[in-house]
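*Asks:*
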Amino acid sequence: MNLRHLTARFVSLLGEAGIRENEPMAAHTTFKTGGLADLMLLPRTEEGLVSVLRVLREENIPYHVIGRGSNLLVSDEGLRGAVVKLADGMDNIDICGNTVTAQTGAALKVLCLEAIRAGLAGLEFAGGIPGALGGAVCMNAGAYGGEMKDYLTSVRVIGRGLEICEIPASAMDFSYRHSAIMEKEYIVLGATFSLPFGDPRTGMEKMNELNARRREKQPLTYPSAGSTFKRPQGNYAGTLIESCGLKGFSIGGAQVSEKHAGFIINMGNAFSRDIYELILYVKEVVLKETGVVLEPEVKMLGEF
Ligand SMILES: Cc1cc2nc3c(=O)[nH]c(=O)nc-3n(C[C@H](O)[C@H](O)[C@H](O)COP(=O)(O)OP(=O)(O)OC[C@H]3O[C@@H](n4cnc5c(N)ncnc54)[C@H](O)[C@@H]3O)c2cc1C
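Residues 1 to 304 in full-length UniProt numbering are what the sequence shown spells out, letter by letter.
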């Protein structure tokens, strides 16, 4: 899609640094795969974001909103239209008493550390998740018994009509790796948590211990998007995949990790197509051998 005619308009709204043409998505996903996005927009303020969304709507340009790309599989053919990346620049964290308000781009690790340093507990589980707040709230990311929803009080969003509103967490329909943000197509601007007080040393020890468990069990030295599949009820995707003898199985440069069968990893030269085909193959074998339908947790963007 040729969007050259809009370049000057976007530059006037975001500055030269806020717009990139033909941007390789491999540089914006933790899988390190994916073709070119026609246009990437990097707003640094809420006003900038709303203005570019208005132009995209007026001009009927399709767009995807992403955070730090740690749960994405982007087509090798790239993405037509625009990618709006909400990460650096919209990452402020504000702590007052036990109330933590953060912007969408805040890295979870930083959020967790700042909360711990302020004597607040409850976010230690998120210290090893490589995403940003917006993506994590959207996915209701979780680990080691904690989930984003646990201490969330409200989420600040842009709605379909480009209105900005603060929605109570209770109205967000959170469940396992799901929130209303997906169906309502909200764009998360930020979120507020009310956290219990805790001892910073204990918090830091807890976060370090959970991160050590990750390093021990997960293939963190290879590009991936974390767990490829959602946890099926009463079971674990990794256990089922391993029981089907698929540990180490590969297609092209994509492999079912030898260290943790729940992770598909990029061995270094994978295309998104390899990862996609491996996902389909694993699903098929697990269904045939165990009768369990695995559902990808990873979000796929573009044509597959
Ligand atoms: C090594 C590794 C370990 C991981 N461990 C975990 C784990 O323990 N638990 C877990 O839950 N996940 C885990 N993940 C997956 C991932 O980190 C989380 O899902 C994370 O919350 C995604 O955040 P992100 O900013 O990278 O979002 P992205 O991957 O950029 O986007 C994910 C989804 O959120 C949407 N989205 C992003 N930002 C916004 C926004 N501002 N408004 C609306 N929608 C938005 C996107 O459209 C997309 O659908 C892991 C990933 C890796 C690579």
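Backbone N, C-alpha and C define an ideal beta-carbon position, used for all residues, glycine too.
1) Does ligand 1 have a heavy atom nearer than 7 Å to the CB of Ser-224?
2) Based on DSSP bridge pairs, tell me the residues matched to Glu-21.
3) My output table needs one value for Ile-265: the three-state DSSP class, helix, strand or coil.
4) Quick check on the burial criterion: 16 or more other C-beta atoms within 10 angstroms. Buried or exposed for Lys-104?
5) Could you tell me whether any non-hydrogen atom of ligand 1 is closer than 7 Å to the CB of Asn-266?
6) Could you check what DSSP says for Gly-48 in three-state terms: helix, strand or coil?
7) In three-state terms, what does DSSP make of Asp-150?
8) Rank Arg-215, Cys-138 and Ile-116 by C-alpha distance to the C-alpha of Glu-185 and give the top, closest one.
9) Would you tell me roughly how many angstroms separate the C-alpha atoms of Glu-114 and Ile-264, rounded to the nearest one?
10) Tell me, please, whether the CB atom of Ile-251 is closer than 8 Å to any CB atom in chain C?
11) Are the CB atoms of His-64 and Thr-301 within a distance shorter than 8 Å?
12) Would you identify the three-state DSSP class for Arg-117, choosing helix, strand or coil?
13) Skipping 5 residues on each side, what residues in its chain have a beta carbon closer than 7 Å to that of Leu-246?
14) List the endpoints of the continuous beta strand (DSSP E) containing Met-300.
*Replies:* This is what the structure holds:
1) At least one heavy atom of ligand 1 is nearer than 7 Å to the Cβ of Ser-224, so yes.
2) The partner list for Glu-21 (beta bridge, DSSP) reads Leu-39.
3) Strand.
4) Here the sequence assigns Thr to residue 104, which means Lys is not the residue at that position. Result: buried.
5) Relative to ligand 1, Asn-266 has its C-beta separated by 7 Å or more from all heavy atoms.
6) Reduced to three states, the DSSP call for Gly-48 is helix.
7) Looking at Asp-150 - three-state DSSP - the assignment turns out to be helix.
8) Ranking the options by Cα distance to Glu-185, first place goes to Cys-138.
9) If I take the Cα positions, the gap works out to 31 Å.
10) No chain C appears in the structure shown, which is made up of a single protein chain.
11) It is Leu, not Thr, that sits at residue 301 in the sequence shown. Yes; because the gap between Cβ atoms is below 8 Å, this pair is in contact.
12) Note: Arg-117 maps to helix in three-state DSSP.
13) Cβ-Cβ distances below 7 Å link Leu-246 to Val-256, Ala-261, Val-282 and Val-285 in the same chain, with the five nearest sequence neighbours on each side left out; the list follows chain order.
14) Met-300 -> beta strand (DSSP E) spans 299-301.
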